[in-house]
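Q: In order, the protein sequences belong to chains A and B. Numbering of the first sequence is given in this note's numbering, commencing with residue 14 and proceeding in unit increments. Numbering of the second sequence is given in this note's numbering, commencing with residue 1330 and proceeding in unit increments. Using N, Cα and C, we set each Cβ at its ideal position, and we do this for glycine too. Computed from a prediction, not measured in an experiment: that's the story for all the values here.
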Amino acid sequence: MPVTTPPSTAAAKIFNYPRNAWYAAAWDHEVTGKQPLARTIAGVPLALWRTTEGRPVALADACWHRLAPLSMGRILGDELQCPYHGLRYNAAGRCTGMPAQETINPSAVVPSFPVVERYRYVWVWVGDPDLADPTTVPDMHQMDHPDWAGDGETIHAECNYQLILDNLMDLTHEEFVHSSSIGQEELSEAEFDVTHKGDTVTVARWMRDIDAPPFWLKNMRDKFPGFSGKVDRWQIITFEAPGTICIDVGVAKAGTGAPEGDRSQGVNGYVMNTITPESDRTAHYFWAFMRNYRLDSQTITTQLRQAVHGVFGEDEEMLRAQQRAIDSNPEHEFYSLNIDAGGMWVRQILDRMLAAEGRGSSAPAAGQVA
Amino acid sequence: MAVQTQTRWQRARVVEVSDVADGVRRIVLAPEHPEHAAPGTHVDVRIGSGTGTGDGVSRVRSYSVVRSEDGGQRLTLSVRLSPTSSGGSAAMHRLRTGDELTVTGPLQNFPLAVGASRYVLVAGGIGVTALVAMASALRRRGADYELRLVGRSRAVMAYVDELVGEHGDRVRLHVDDEGTPLAVDDLVAAIARAPSAAGTELYMCGPIGLMNAVSRSWAEHALPTTNLRFETFGSSGRYPAQEFLVRLPELGREVTVAPGASILDALDAAGVETLSDCRKGECGLCLAKVLNSTGTVDHRDVFLSEAQKERSDMLCLCVSRAVAADDGSDTPAVLSLRLT
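1. Which residues share a DSSP beta bridge with B/C1534?
2. Output, in chain order, the set of chain A residues within a Cβ distance shorter than 9 Å of B/R1470.
3. Name the chain A residues that come within less than 8 Å of B/V1443, Cβ to Cβ?
4. For a contact defined as C-beta to C-beta under 8 Å, what are the partners of B/Q1632 on chain A?
5. Is the distance from the Cβ of A/W358 to the Cβ of A/V207 below 9 Å?
6. Nearest-angstrom Cα distance between A/S193 and A/Q319?
7. When every heavy atom of the ligand GDP is checked, does at least one fall within less than 8 Å of the C-beta of A/H191?
8. Can you list, in chain order, the residues of the stretch 225 to 239 of chain A whose Cβ is nearer than 8 Å to any Cβ on chain B?
9. With a threshold of 7 Å on Cβ separation, who are the neighbours of B/V1631 within its own chain once the five nearest residues in sequence on each side are excluded?
10. Which chain A residues sit within Cβ distance under 7 Å of B/C1612?
11. Quick one: which unbroken beta strand (DSSP E) runs of 3-plus residues sit fully inside the stretch 1551 to 1639 of chain B? Chain order, please.
12. Look at the alpha carbon of A/I168 and the alpha carbon of A/P290, and state the distance between them as a whole number of angstroms.
13. Step through the CB atoms of chain A and report whether any lies within less than 9 Å of the CB of B/N1541.
14. Could you tell me the boundaries of the beta strand (DSSP E) in which A/D235 lies?
15. Quick one: which residues of the stretch 352 to 374 of chain A get their C-beta closer than 9 Å to a C-beta of chain B? List them in chain order.
16. Helix, strand or coil for B/T1382 per DSSP?
17. Take every Cβ of the stretch 262 to 273 of chain A, pair it with every Cβ of the stretch 227 to 243 of chain A, and state whether three or more of those distances are shorter than 8 Å.
18. How far does the alpha helix (DSSP H) with A/R276 in it extend, from its first residue to its last?
19. Please report how far the alpha carbon of A/N342 lies from the alpha carbon of A/R131, in whole angstroms.
20. Closer than 8 Å by beta-carbon distance: list the chain B residues that pair up with A/A105, in chain order.
21. Would you mind working out which of B/R1355, B/S1465 and B/S1411 sits nearest B/T1720, comparing C-alpha positions?
22. Evaluate A/W300 with the Cβ neighbour count: other Cβ atoms within 10 Å of its Cβ, from every protein chain shown; 16 or more gives buried, anything less gives exposed.
23. Where do the ends of the alpha helix (DSSP H) carrying B/A1654 lie?
24. Is the beta carbon of A/V139 sitting closer than 9 Å to the one on A/G256?
25. Assess contact between the stretch 152 to 170 of chain A and the stretch 79 to 98 of chain A, defined as three or more Cβ pairs (one per stretch) separated by less than 8 Å. Is contact present?
26. Between the stretch 1632 to 1656 of chain B and chain A, which residues of the former have a C-beta closer than 8 Å to a C-beta of the latter?
27. Go ahead and pull the three-state DSSP assignment for A/F325.
28. Check whether the stretch 1648 to 1667 of chain B touches the stretch 134 to 148 of chain A, counting contact only when three or more Cβ pairs, one atom from each stretch, lie closer than 8 Å.
29. Which residue wins for smallest C-alpha separation from B/S1446, given the options B/G1528, B/R1629, B/H1371 and B/L1596?
30. Can you confirm whether A/C172, when its beta carbon is compared against all beta carbons of chain B, has any partner nearer than 9 Å?
31. Is the stretch 1545 to 1553 of chain B close to the stretch 1471 to 1484 of chain B, with three or more CB pairs under 8 Å?
32. Can you give the Cα-Cα distance for A/E253 and A/L61, rounded to whole angstroms?
33. I think A/A71 touches A/V128, with their Cβ atoms under 8 Å apart; what is that distance to the nearest whole Å?
34. Please report the straight-line C-alpha distance between B/V1344 and B/L1404, rounded to a whole angstrom.
35. In the DSSP assignment, the alpha helix (DSSP H) including A/V139 goes from what residue to what residue?
36. Taking Cβ positions only, does A/C108 come closer than 9 Å to chain B?
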């Protein structure tokens, strides 16, 4: 535990992460009853597995005895067995078997963290379990709603999680980072609206009567074969604390009423992102692209996943380089632009959550012991 | 639930002392590095030679955190003065406001789980100290819980009024000298009969006799073993502590164990090398072979099974003792042991 808390600043370069929050720890299919999964969530190493009833479990990934990683162990029915000396634990983390003795030490328990399975993800709460309310899992309902189809991937991002939130809250960068797919100069020319309420922030941007960039032209032609002409394009970004950003994106034939609410002459997607800090300088970035047209086409699902994979690969590279530059320039501070309003509201909300935990927003500098 | 076992020693100042029952002293500490103490945690206190153990040996005693306030800036402990104190409780009772002592941060071996459908807390005597914070947490959560307070007489039972005030009907008092003892089997049978049986967790802390009775009944009613949670500081047995002799034939040594000391303490003081870890009868590291005994071995550990205690060919040096045969003579029991 830090003895002193650095002064809180909204533009902290290495942003702390709240602990009292639901974080997506894994895709549902990654957590099985066959083999435990090792994953560190918000600084806490976990062994994730399922009971015979299919209930996901998150145990601290260190045996009570000599701290061997339980994630290397075996799942025996409703118990996880330590790979080293065979101690067994149930889903509550309680030891149910010890080698070479007739009783079980009453202290033998490993932490078992609250878990919820929702929207194709397994969510974990590593903070105070008394505060874990399953109704507060961020809304990502498009992930498994019958009106939507799509798929995604996980990026192991080598940067502080907040840099990814910054990236997604301001899509002006598309013009420069993603010029070959979704970028266009109208992005930095169009005005945007920022609103915030409670633990959510919304950034909305409309670009009217523009050419569709290659990614969107392809999507329009999937729905309207042979389409050509101008489009109205939208990006409506919604952040929900601590790390979920769902972006309502799409284009419609120009002048057919999309900005007023009639999207029937367009294509609509949702870029689903949920960012889970792993350490101060790494994050699990879960994303998916969901669409509400041609739901039965696995080809389109695959093409969209591959296209977004390419786009996000460009972000990943930029974020890694940015983190390196931050670490290489410890004397330099962040400055803000007008385009950062969305990201800065996000920081303010996270700052409030951290303050409620008695912590500041700045993580300890590299090499400093937390 | 976080299980903390890392021992970080620090200074703490006594900011308040008061008596909360006959022989029970409440001590409020302000630690140098405050850290919130979750329900079920304890702190270890170093009772040094300067604090009056009498034999110059520094010892460690564990005391449950009754209450943690302001993020752990105020930690309340409560200590019962043991008539056969090995120096621990006597030294704690000598503390005055402003004194300093060496303590660990909160250590967790007795975490309160989330999500059980029902919780039953059973506190015997000073064991209540481990359960006060748990009961508060359950009340705040809106959990279904009840608290059984068991004691010899009301005068020696700490925190009764406070707990009744906080928890009302959820508290049931069982006082021996008022003729309302706890009928362990009725309690456990009722748990086993209820629809929530498999989801009921029982947390207990108290004399070994009470805890053994609950454990036996729990097993007889085939309730899930892992739902029975307990903490023991290994300080109680079936018999009052008395002086006895330990013989170590292989080392040619004989050591007297005073009523206020453990075999381990006596061997340490005599310079006999031993091995131990938990020092409260849980881990089994200090296990020794019993070669012969002129009296009865009072097993005070939870490491050996009932069957092993019955055979009595092994004992835990840290907590278990010998009592003389009841033959009218004053001759202390003699226990011959082989150490590992």
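A: On the basis of the supplied data:
1. Residue pairing by DSSP places B/C1534 opposite B/A1452 and B/E1560 in a beta bridge.
2. B/R1470 reaches chain A at D143, counting residues in chain order whose Cβ is nearer than 9 Å.
3. By Cβ distance, chain A contributes P127, P142, D143 and A145.
4. One point to set straight first is that residue 1632 of chain B is Phe, not Gln, in the sequence displayed. In chain order, Q114, T116 and N118 make up the part of chain A whose C-beta sits under 8 Å from the C-beta of B/F1632.
5. At the C-beta level, A/W358 and A/V207 come within 9 Å of one another.
6. So the two alpha carbons sit approximately 14 Å from each other.
7. This structure does not include the ligand GDP; it has no bound ligands of any sort.
8. Of all residues in the stretch 225 to 239 of chain A, none is placed with a Cβ closer than 8 Å to any Cβ belonging to chain B.
9. Same-chain partners within the cutoff: T1561, G1610 and E1611.
10. Neighbours of B/C1612 across chain A, judged by C-beta separation under 7 Å: N118.
11. With a minimum length of 3 residues, the unbroken runs of beta strand (DSSP E) contained wholly in the stretch 1551 to 1639 of chain B fall at 1557 to 1560, 1573 to 1577, 1582 to 1586, 1616 to 1622 and 1625 to 1627.
12. Spanning the alpha carbons of A/I168 and A/P290 requires a straight line of approximately 12 Å.
13. Output row for B/N1541: interface = no.
14. From DSSP, A/D235 is part of no beta strand (DSSP E) but of the alpha helix (DSSP H) over P227 to K236.
15. Within the stretch 352 to 374 of chain A, G371 place their CB atoms closer than 9 Å to a CB of chain B, listed in sequence order.
16. Reliability fails at B/T1382, whose pLDDT of 44 lies under 50, so the model's placement of it is uncertain and the value that follows must be treated cautiously. Under the three-state reduction of DSSP output, B/T1382 falls in the coil class, being neither helix nor strand.
17. Segments in contact, yes.
18. Here A/R276 belongs to no alpha helix (DSSP H), and DSSP marks it neither H nor E.
19. Rounded to whole angstroms, the gap between the alpha carbons of A/N342 and A/R131 is 40 Å.
20. Result: A1442 and T1555.
21. A question about residue 1720 of chain B goes unanswered here, because the residues of chain B that appear run from 1330 up to 1669.
22. Result: buried.
23. Careful: B/A1654 lies outside any alpha helix (DSSP H) and carries neither H nor E.
24. At least 9 Å separates the beta-carbon of A/V139 from that of A/G256.
25. The stretch 152 to 170 of chain A is not in contact with the stretch 79 to 98 of chain A.
26. Taking 8 Å as the Cβ-Cβ cut-off, the stretch 1632 to 1656 of chain B approaches chain A at F1632, L1633, S1634, A1636 and Q1637, given in chain order.
27. Residue state for A/F325 is assigned as helix, using DSSP reduced to three classes.
28. Segments in contact, no.
29. Answer by Cα proximity: B/G1528.
30. Cβ-Cβ to chain B under 9 Å: no for A/C172.
31. Between the stretch 1545 to 1553 of chain B and the stretch 1471 to 1484 of chain B, the count of C-beta pairs closer than 8 Å stays below three; the two stretches do not touch.
32. Taking the straight line joining both Cα atoms gives about 25 Å.
33. Contact flag correct, Cβ pair sits at about 5 Å.
34. In a straight line, the C-alpha of B/V1344 is about 10 Å away from that of B/L1404.
35. Here A/V139 belongs to no alpha helix (DSSP H), and DSSP marks it neither H nor E.
36. Yes, its Cβ sits closer than 9 Å to a Cβ of chain B.
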